[in-house]
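What follows is a set of notes on a single structure, which appears directly below.
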Amino acid sequence: MLTRPFLYIVWGNVMNQNTIDPEDDNGSPPDRYLISIRPARPDEADRIHSLVISSMQMYCKNAGITNDKLDVNSETADDVRAAIMSVPFFVAVNAKGVLVGSVRLLHKKIASFGIPALAGKLSLGPDEYVSYFSRFAVSEDQQGLGIGSLLYNAAKIKARELTNTYILLHTALSNPVMISFYEKRGFVLLSEDTSRGYPRGLLGKKL
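Under the working numbering, the letters of the sequence shown match residues 22 to 228, in that order.
Here it is in C-alpha cells:
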C-alpha cells in the first residue's frame, strides 16, 4: 500500500518526484508536500540556527552522547549568516515557507584534517581539496520523508561542479541512523577517533 507522501524538489525550473504517496482526487500530490531545495539567504540565519541546534539535540540522543560534545553549540546566528555568504549553503523549505532542513558544503584541504594517512587513502596530495558535508539538519517531525536525501543530492551536485573528487564528513559512529544513511549512499569509514569524548568517524565517498 502506498503510504508515504510525495516530496518534490523545486530547483530553478526543475521539478522531480522523489518519493511515493497516495494521489489526491485530481491525481496530483497535495501542496503541503512540496519541498524546495535552494540556496540559503542571510535573513534566514536565525531560523537556520534554531533548526540546526534542535536537530543536533536529536542527533546526540540517537548517538547516546551529550550535547556538550558538539562544537555546534558555540556557533551563533551571526556565524550562520557569515557561512551563508561564503560557502555553498542549501535549505529545504516546505510549501508554507517553513525551513525544514539545511546543509552547507565546505572546501577543505586534506592536510587540515590532521590525519597523515588520509592523502594516501584518497590517492590525493595533502594540499589538494575535498568537499566537506557539514551541519546537516532536518526538522525532527520531517525526518524519514526524504528531505535529507534531497539536501545531500544538492550538495553532491555542487561538489561535482567544484570539481572535487571526494566528499567527506564526520559523524558519531554510535548513531545508527546517520551511519545507515551514509552507508546507503556509498560512504566508507576512512578514520576514527575519540578526541571529543565519543567514537567519531571520518567518512568519505568518491564522486
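No residue lacks a Cβ here, since even glycine has one placed at the ideal position from N, Cα and C.
Here the structure is a predicted model, which means the values were calculated and not measured.
Nearest-angstrom Cβ-Cβ length linking residue i and residue j, presumed shorter than 8 Å
i           : j           : result
residue 158 : residue 72  : 5 Å
residue 114 : residue 57  : 5 Å
residue 185 : residue 152 : 4 Å
residue 213 : residue 194 : 6 Å
residue 219 : residue 86  : 5 Å
residue 225 : residue 208 : 6 Å
DSSP bridge partner residues for residue i (one or two, in chain order)
i           : result
residue 165 : None, per the DSSP bridge assignment.
residue 192 : 222
residue 152 : 128 and 188
residue 75  : Per DSSP, none; premise fails for residue 75.
For residue j and residue i, the rounded distance between their alpha carbons
i           : j           : result
residue 227 : residue 126 : 15 Å
residue 204 : residue 192 : 12 Å
residue 65  : residue 92  : 21 Å
residue 116 : residue 129 : 34 Å
residue 77  : residue 221 : 15 Å
residue 138 : residue 166 : 37 Å
residue 206 : residue 177 : 11 Å
residue 217 : residue 88  : 11 Å
residue 95  : residue 105 : 17 Å
Option in the options with minimal Cα separation from residue i
i           : options               : result
residue 132 : 150, 120 and 121      : 150
residue 182 : 200, 195, 109 and 123 : 109
residue 164 : 63, 59 and 79         : 79
residue 123 : 82, 217, 68 and 224   : 68
residue 200 : 147, 60 and 83        : 83
residue 145 : 187, 198 and 119      : 187
Proximity test, residue i beta-carbon vs the ligand NAD heavy atom, cut-off 8 Å
i           : result
residue 149 : Absent from the structure shown: the ligand NAD. Ligands present: none.
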